[in-house]
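The sequence shown begins at 1 in UniProt numbering and counts up by one.
Single-structure report; data block below.
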Amino acid sequence: MWDKAAKDYAQGVRAPIFYNNNREATKNNAVTSNVDTHSYKASDEKLNSVWKNLSPETRKRLLPSQREWIKQKSGCNNEQKCLTDMTNNRIRELESENEK
């Protein structure tokens, strides 16, 4: 059962999974959570780097949209997959601005 859940998770499936109430299930859920947390932290670090590499003029022009994006991101309610996806999308947006 765990192998199937891990494969589904790797493909982006997010659905409630019910495990037996035992230590192994708790350990597996913690590992999955750590993967999401690590992915989000890596994306967040990249976003910060991309933002810092924008010209001062571009950052000034994009500041209102950045603030709006931060408000929208709060709608993820700390769900790591949501945060990671939103952050990766914002990275692509900022990188395209950097190419202009």
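Built from N, CA and C at the ideal position, the CB exists for glycine as well.
Computed from a prediction, not measured in an experiment: that's the story for all the values here.
Going by DSSP, L54 is part of no alpha helix (DSSP H) at all; its letter is neither H nor E. No Cβ-Cβ contact shorter than 8 Å links K60 with I91. By the criterion of a C-beta distance shorter than 6 Å, W69 is surrounded in its chain by R90, once the five residues flanking it on both sides are discounted. Straight through space, the alpha carbons of K73 and T37 are spaced by roughly 15 Å. In the three-state reduction of the DSSP assignment, N77 falls in the coil class, being assigned neither a helical nor a strand state. Inclusion of L94 and L54 in the CB contact set at 8 Å is warranted, their separation being smaller than that value.
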